[in-house]
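Everything in the sequence shown is counted per my numbering, starting at 29 for the first residue and increasing by one. Note that the Cβ used here is the ideal one computed from N, Cα and C, for glycine as well. Only one structure is covered here, and it is reproduced in the block below.
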Amino acid sequence: MGDEKPLGKREDHRDEFLELHDNLNDLERRFNPKELNLHFGAPRDAEVWPGLWTDIEGLAREGLDRVSGHRDYFLSQKVPSAMYEDDMFWYDLFLFIGAVSIANAHSESVHDEPSEKTLASILECLIDVSEYTAVIPADIFKRNWEALANFLNAFPALAESAEERAGSLEDGLRREMILGAASSARRIDNETT
């Protein structure tokens, strides 16, 4: 007990994420008007409208930039993870990406496919943010993993890019997460094609 290090001063970064979270909530209300719990997947009547993935990419990119702007803080060994101190933005974005991915893969209401550039950027964000979620591999890391797995299941052609990126990582936990998600996407794609 005497060897425990103090956790240090908690910083409050919620205000920096409020507008992003509000924008995410607006998208979720349109996607999920019945306000069903996205922990359990996508609503059956969910709509994946043109531009939704571009909006998600913008939120993910901006959210990653804001976390990276406080790199030392978000990489700190705090319990619970400092990643919860973003107004729960990333937690909710992971759930949303997962649900939209499921809807995209299984819905007939998909009106257009996002560009390869948009998809590659979202993949990059999901992998890059794992540097922060893996600090304390608890629930936020699990949500990151689920979002990545559902995203790759919806867009299995990205599995190879994910695997290449995993090969460049030193962190074994992150590498395992990415390779597991890519493997799952390949297996599901092989079973359905």
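Nearest Cα to leucine 80 within the set Thr146, His134, Asp100 and His67: Thr146. Residue state for leucine 55 is assigned as helix, using DSSP reduced to three classes. About 17 angstroms separates the beta carbon of serine 158 from that of methionine 116, a gap too long to meet the 8 angstroms contact definition. The shortest C-alpha to C-alpha distance from glutamate 141 to any of Val76, His49 and Glu219 is the one to Val76. Only residues of its own chain outside the window of five on either side were considered, and among them Thr146, Ser149 and Ile150 have a CB closer than 7 angstroms to the CB of glutamate 85, listed in chain order. Straight across, the Cα-Cα distance linking arginine 89 with aspartate 120 is about 15 angstroms. With contact defined as three or more Cβ pairs closer than 8 angstroms, the stretch 49-57 and the stretch 96-110 are not in contact. In the structure shown, tryptophan 77 falls within a coil segment according to DSSP collapsed to helix, strand and coil.
Distance between asparagine 178 and glycine 208, taken at the CA atoms: about 12 angstroms. In its chain, beyond the 5 residues on either side, Pro184 and Ala187 have a beta carbon closer than 7 angstroms to the beta carbon of arginine 214. For a cut-off of 8 angstroms, the C-beta gap from asparagine 181 to serine 129 is around 7 angstroms, short enough to register as a contact. DSSP places glycine 97 in the coil class of the three-state scheme, outside both helix and strand. Counting of Cβ neighbours within 10 angstroms places glycine 126 among the buried residues, the total reaching 16 or more. Nearest C-alpha to serine 135 among Ile216, Ala74 and Arg203: Ala74.
Contact check for cysteine 153 against leucine 92 passes: the beta carbons are separated by less than 8 angstroms.
Per DSSP, glycine 69 is not a residue of any alpha helix (DSSP H), being assigned neither H nor E.
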